[in-house]
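Numbering (the UniProt record's numbering), first residue to last: 1 to 316. Ideal Cβ positions, reconstructed from N, Cα and C, are used throughout, including at glycine. Before any comments, here is the structure.
Given below as structure tokens:
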């Protein structure tokens, strides 16, 4: 495909179009309002000019070509989602089983495909790569006896889990999205399909906001656990996977039995917007030129938080 599709969106332009300001001048190109994470500045921007990077999902082939299979798959999911938003969500109609699969795949991809996700996984694999590089350097300078000893230790420590070669770790650190997209979706989508799906709706003029990291995994009960165990996990019974569908609707995958089309209270709307603003990487998106102070409100540590309970127990 030559140099086509070099600029690739990590938040789909078709998804962001729902946030175009309805009060823009008729002669003006459609735009959304883009705010910096701290709310200090904002500007208007057309969706197709937002959240792109060069060859973010392109796989370089052995002959120097460009494999765009990931980009093509993501484009297909975006098209399916847009159709569902128009024909189903806007009219509060139920999804077919096939549409449910496409929606969960779109949500899983939206969570993993972002620049924030790419940077996180690249950092994790860079740490592993450093260990592998250091080990390779030690092996290279080791005596024959030391190498034999290292080999015995390796045999004893190797289990039945998946292992990676040094070169595979290097590739994962360099191109985590290209290398991990398929296995992540294969693992995540079946879990999302088992979760309850709620679609919260609002008639608020501003409605739900979105961001450069539109899908959020958040466990509202995690603060009760030790910090080491607070990373959101789909297996937690209190996990919530939220993603704004449009300014009027936000989906929430959960294990608590909340399902179907539900009305969002003002408190829930503000809480979801606060959550999505906090979880954005650099910027969040609003349909109008409005900033709500509550989106920046930082709660005090609750009395039943692990830190307070742990401190109290230690004092005794």
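Give me the residue from 289, 303, 111 and 10 with the minimum Cα distance to residue 54.
10
Selected residue, minimal CA-CA separation from residue 189, among 262, 105, 67 and 166
Of the residues 262, 105, 67 and 166, the one whose Cα lies closest to the Cα of residue 189 is 105.
So for residue 215, helix, strand or coil by DSSP?
Coil at residue 215, not helix or strand.
Per the DSSP calculation, residue 318 is bridged to which residue(s)?
What the structure shows of the chain is the stretch from 1 to 316, and residue 318 is not part of that stretch, so it cannot be assessed.
The beta strand (DSSP E) spanning residue 54 covers which residue range?
52-54
Would you be able to state if there are at least three C-beta pairs under 8 Å between the region 56-69 and the region 26-43?
no
Which runs of the beta strand (DSSP E) spanning at least 3 residues fall entirely within the region 48-114, listed in chain order?
52-54
If I follow the unbroken alpha helix (DSSP H) through residue 266, where does it start and stop?
Annotation for residue 266: the continuous alpha helix (DSSP H) segment containing it runs 266-279.
Mapping DSSP to helix, strand and coil, what is residue 164?
coil
When the Cα atoms are used, what is the spatial distance from residue 21 to residue 256?
34 Å
Assign residue 194 to one of two classes, buried (16 or more other C-beta atoms within 10 Å of its C-beta) or exposed (fewer than that).
exposed
When the distance is taken between beta carbons, is residue 240 closer than 8 Å to residue 254?
Yes. Within cutoff.
Give me the Cβ distance between residue 115 and residue 74, rounded to the nearest whole Å; I'm assuming they're in contact under 8 Å.
So it is not a contact: roughly 14 Å between Cβ atoms.
Within the continuous beta strand (DSSP E) that includes residue 284, where are the two ends?
283-286
Leaving aside the five residues before and after residue 181 along the sequence, list all residues of the same chain whose C-beta is less than 8 Å from its C-beta, in chain order.
57, 70, 109, 112 and 113
Where residue 178 and residue 308 are concerned, what is the direct C-alpha to C-alpha distance, given to the nearest angstrom?
42 Å
Own chain residues within Cβ distance below 7 Å of residue 304, not counting five before or after:
224
Start-to-end residues for the alpha helix (DSSP H) that takes in residue 14
Counting along the chain, the alpha helix (DSSP H) containing residue 14 begins and ends at 13-16.
So, do the region 245-252 and the region 201-219 have three or more beta carbon pairs nearer to each other than 8 Å?
The region 245-252 makes contact with the region 201-219, as at least three CB pairs between them are under 8 Å.
Quick one: using the 10 Å Cβ neighbour count with 16 as the cut-off for buried, is residue 283 buried or exposed?
The residue in question, residue 283, is buried, as its Cβ has 16 or more Cβ neighbours within 10 Å.
Under the assumption that residue 77 contacts residue 84 (Cβ atoms under 8 Å), give the Cβ distance between them as a whole number of angstroms.
Not confirmed; about 11 Å, so no contact.
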